[in-house]
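Have a look at the structure below before the remarks.
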Amino acid sequence: MLKTINKSSVLIMFFIVTFLFISCDKKRIFDEYLPISNQKWSKHNTLQFAFTATDTLQKHNLFINVRNNKDYPFSNLFIIAQMSFPDGNVITDTLEYDMADGAGRFLGEGTLDIKDNKLFYKEKIIFPAKGTYTFKVRQSMRKNGNVDGIEELDGLTHVGFRIEKTE
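If you use my numbering, the sequence shown corresponds to residues 412 to 578, in order.
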């Protein structure tokens, strides 16, 4: 009987904490993660996120979220990001982000084994039209002196895309 009460209490507490966590995130408009198969991001694996913009007046911040583990072998990350608009226009950006500090310690939040990195993509943008937008991202890492990209980038567990309202 005591184990049942404890399990029930833990379950209820879990739902309360989850509800509070979700309800406190009032800036979030869109937030989705995709897993990286075998924690190896292939240069041929373009991740895609689709979202519907309904507000053409509010400014938004856009983020690329990356989870890495201790097997990530670099201090930076190069990615190609592409935003497609409802009217067919496409913006493509080549981006570089720091993943570790000068001493080699991974940046981001989390445990020693997994780090969450919330990387700015676009700041204070206004969506020009209502409709469906598509965001695509792929890794573009290369070894020094090598023209061909790295086939599989180790140590990344998830990549996400997040949209927040600005204040």
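Backbone N, C-alpha and C fix where the C-beta goes; we use that ideal spot for every residue, glycine too.
Contact annotation: the stretch 512-524 does not touch the stretch 554-563, with fewer than three C-beta pairs closer than 8 angstroms. A straight line joining the alpha-carbon of residue 436 with that of residue 502 spans about 28 angstroms.
Residue 526 counts as buried, since no fewer than 16 other beta carbons sit within 10 angstroms of its beta carbon. A contact between stretches requires three or more CB pairs, one per stretch, nearer than 8 angstroms, and the stretch 452-462 meets this requirement with the stretch 563-576. For the stretch 469-510, the full-length beta strand (DSSP E) segments reaching 3 residues or more read 471-480, 487-495 and 501-509 along the chain. Boundaries of the beta strand (DSSP E) harbouring residue 570: 567-576, taken from the DSSP string.
The beta carbons of residue 494 and residue 546 sit closer together than 8 angstroms.
Residue pairing from DSSP places residue 446 in a beta bridge opposite 569.
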